[in-house]
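**Q** Structure in structure tokens, see below.
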Amino acid sequence: MSSFSLVIFDLDGTLVDSAADIADAVNRTLRDWKLPTYDVPTITGWVGEGSRKLITYAFQHAGSDADIDDVMPGFLGHYAETALDGIAYDGVVDTLEALHERGIKLAVCTNKNEEFVRPLLEARGMMRYIDGIVGGNTLPERKPSGVPLKHLATVAGVSLDRVVMVGDSESDVLAAHDAGVPVVMVSYGYHKSLDLHGVGALAVIDRMPALLDVPGLRGDRRSA
Numbered sequence: 006m007s008s009f010s011l012v013i014f015d016l017d018g019t020l021v022d023s024a025a026d027i028a029d030a031v032n033r034t035l036r037d038w039k040l041p042t043y044d045v046p047t048i049t050g051w052v053g054e055g056s057r058k059l060i061t062y063a064f065q066h067a068g069s070d071a072d073i074d075d076v077m078p079g080f081l082g083h084y085a086e087t088a089l090d091g092i093a094y095d096g097v098v099d100t101l102e103a104l105h106e107r108g109i110k111l112a113v114c115t116n117k118n119e120e121f122v123r124p125l126l127e128a129r130g131m132m133r134y135i136d137g138i139v140g141g142n143t144l145p146e147r148k149p150s151g152v153p154l155k156h157l158a159t160v161a162g163v164s165l166d167r168v169v170m171v172g173d174s175e176s177d178v179l180a181a182h183d184a185g186v187p188v189v190m191v192s193y194g195y196h197k198s199l200d201l202h203g204v205g206a207l208a209v210i211d212r213m214p215a216l217l218d219v220p221g222l223r224g225d226r227r228s229a
């Protein structure tokens with residue numbers, strides 16, 4: 006297998022544990038509308054398809070038929086207040102640094118709105134290693150479409166046969182398949198009921214540093 010030249014990471018549930026701050030923003034919004042609030046595991050089950058879908062699921066679960074267009078400004082305001090609370094998973098920053106030192110380009114593809122992504126990466130010491138970002142509102146299409154992955158590869162000047170996706174959810178798997186690139190799954194994220202070992206992943210890892218030993222990313226060869 007030829008070495009990979011670009012690794013595209015999902016954000017929430019892959020690089021950072023943001024479940025608590027996302028739940029906080031959702032619950033603040035529900036309180037604004039005098040609706041019931043929910044625990045972190047319940048809200049985490051709605052994560053992965055972007056902020057609009059997230060708040061839609063929350064309001065549907067609460068039995069509200071509010072117009073989501075009216076709800077979103079308040080939610081985004083609350084999320085702006087909590088978005089920097091996400092915590093990097095163990096070993097993530099060191100892994101990004103190691104891949105960067107091997108000459109591998111790194112990018113982030115998330116369904117979180119782009120304006121929240123860079124500040125969080127900066128706050129957690131990751132941005133210095135990141136070559137490209139696509140958020141949920143960056144392009145006309147987002148995950149599970151493969152368009153964002155293809156866009157990041159084009160911007161990086163890397164052919165798709167030298168790209169690998171790293172994520173935790175079905176959206177990541179579907180985006181990778183749509184783009185025609187392999188996917189590495191992390192076992193610790195927000196994968197809901199997804200069978201991680203049944204999606205044809207290149208590897209399933211329990212900690213991010215294990216990515217450094219995945220075929221095509223090992224340090225015995227530098228990527229072009």
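Counting with this note's numbering, you get residues 6 to 229 for the letters of the sequence shown.
Yeah, the Cβ is synthetic: ideal placement off N, Cα and C, and Gly gets one too.
Would you list the residues sitting across from I92 in a DSSP beta bridge?
**A** Reading the sequence shown from its first residue, position 87 is the one you call residue 92. DSSP output for I92 lists D22 as bridge partner(s).
**Q** Starting from the Cα of C114, find the closest Cα among D136, D95, L104 and give me that residue.
**A** For this step, residue 114 is matched to residue 109 along the sequence shown. Among D136, D95, L104, the Cα nearest to that of C114 belongs to D136.
**Q** Helix or strand or just coil, what does DSSP make of V209?
**A** By 1-based counting over the sequence shown, the position of residue 209 is 204. In this structure, V209 counts as strand in the three-state DSSP scheme.
**Q** Spatial neighbours of A71 within its chain, please: CB distance less than 7 Å, with the 5 preceding and 5 following residues excluded, ordered by chain position.
**A** Taking the sequence shown and counting its residues from 1, one reaches residue 71 at position 66. Contacts found: W38, F64.
**Q** Among residues of its own chain, excluding the 5 on either side of T143, which ones have a beta-carbon nearer than 6 Å to its beta-carbon?
**A** Position 138 of the sequence shown, counted from the first residue, corresponds to residue 143. Non-local C-beta neighbours of T143 in its own chain, meaning closer than 6 Å and more than five positions away in sequence, comprise E119, ordered along the chain.
**Q** Would V209 and R129 be called neighbours here (beta carbons separated by less than 8 Å)?
**A** For the purposes of this step, residue 209 is taken as residue 204 along the sequence shown, with counting starting at 1. For the purposes of this step, residue 129 is taken as residue 124 along the sequence shown, with counting starting at 1. No. Outside cutoff.
**Q** Can you find the residues in the same chain that come closer than 7 Å, C-beta to C-beta, to A103, ignoring five residues on each side of it along the sequence?
**A** As a first step, residue 103 is located in the sequence shown; it is residue number 98 there, counting from the start. Cβ within range, chain order: L217.
**Q** Given this structure, state the Cα-to-Cα distance separating V191 from D211, to the nearest angstrom.
**A** On the sequence shown, position 186 is the one that residue 191 refers to. On the sequence shown, position 206 is the one that residue 211 refers to. V191 and D211 have their C-alpha atoms some 6 Å from each other.
**Q** Using C-beta distances below 7 Å, list every residue in its chain close to V219, excluding the 5 sequence neighbours before and after it, in chain order.
**A** Start at 1 with the first residue of the sequence shown, and residue 219 comes out as number 214. For V219, where only same-chain residues beyond five positions count, the Cβ hits under 7 Å are V189, L207, A208.
**Q** Near F80, which residues of its chain fall below 6 Å by C-beta distance, leaving aside the five closest residues on each side in sequence?
**A** The residue labelled residue 80 in the question sits at position 75 within the sequence shown. These residues qualify, in order along the chain: T34, I60.
**Q** Spatial neighbours of Y84 within its chain, please: C-beta separation below 6 Å, excluding the five flanking residues on both sides.
**A** For the purposes of this step, residue 84 is taken as the residue at position 79 of the sequence shown. The answer, listed in chain order, is A30.
**Q** In terms of alpha-carbon separation, which member of G185, K197, R223, M213 lies closest to G205?
**A** If you number the sequence shown from 1, residue 205 lands on position 200. The option with the nearest alpha carbon to G205 is G185.
**Q** How big is the Cα-Cα spacing for M132 and G140?
**A** Mapped onto the sequence shown, residue 132 falls at position 127. Mapped onto the sequence shown, residue 140 falls at position 135. M132 and G140: Cα-Cα distance of roughly 14 Å.
**Q** Buried or exposed: which applies to S198, given that a residue is buried once 16 or more other Cβ atoms fall within 10 Å of its Cβ?
**A** For the purposes of this step, residue 198 is identified with residue 193 of the sequence shown, where counting begins at 1. So S198 ends up on the exposed side.
**Q** Name the one or two DSSP bridge partners that V232 has.
**A** Summary: the structure shown does not reach residue 232, with the chain confined to residues 6 through 229, and so no result is reported for it.
**Q** Can you give the Cα-Cα distance for I109 and L40, rounded to whole angstroms?
**A** The residue given as residue 109 occupies position 104 in the sequence shown. The residue given as residue 40 occupies position 35 in the sequence shown. Computed Cα separation, rounded: 47 Å.
**Q** Can you pull the DSSP bridge partners for M190?
**A** Numbered from its first residue, the sequence shown carries residue 190 at position 185. Answer is G172, V209.
**Q** Taking 8 Å as the cut-off, does the segment 41-49 touch the segment 167-186 (at least 3 CB pairs, one atom from each stretch)?
**A** Cβ pair count under 8 Å is below three, so no.
**Q** How about L16 and K117: are their beta carbons less than 8 Å apart?
**A** As a first step, residue 16 must be located in the sequence shown, where it is residue number 11. As a first step, residue 117 must be located in the sequence shown, where it is residue number 112. In this structure, K117 lies closer than 8 Å to L16 by Cβ.
**Q** Alpha carbons only, please: which of D90, F14, P214, V122 is nearest the one belonging to A28?
**A** Translated into the one-based positions of the sequence shown, residue 28 becomes position 23. The option with the nearest alpha carbon to A28 is D90.
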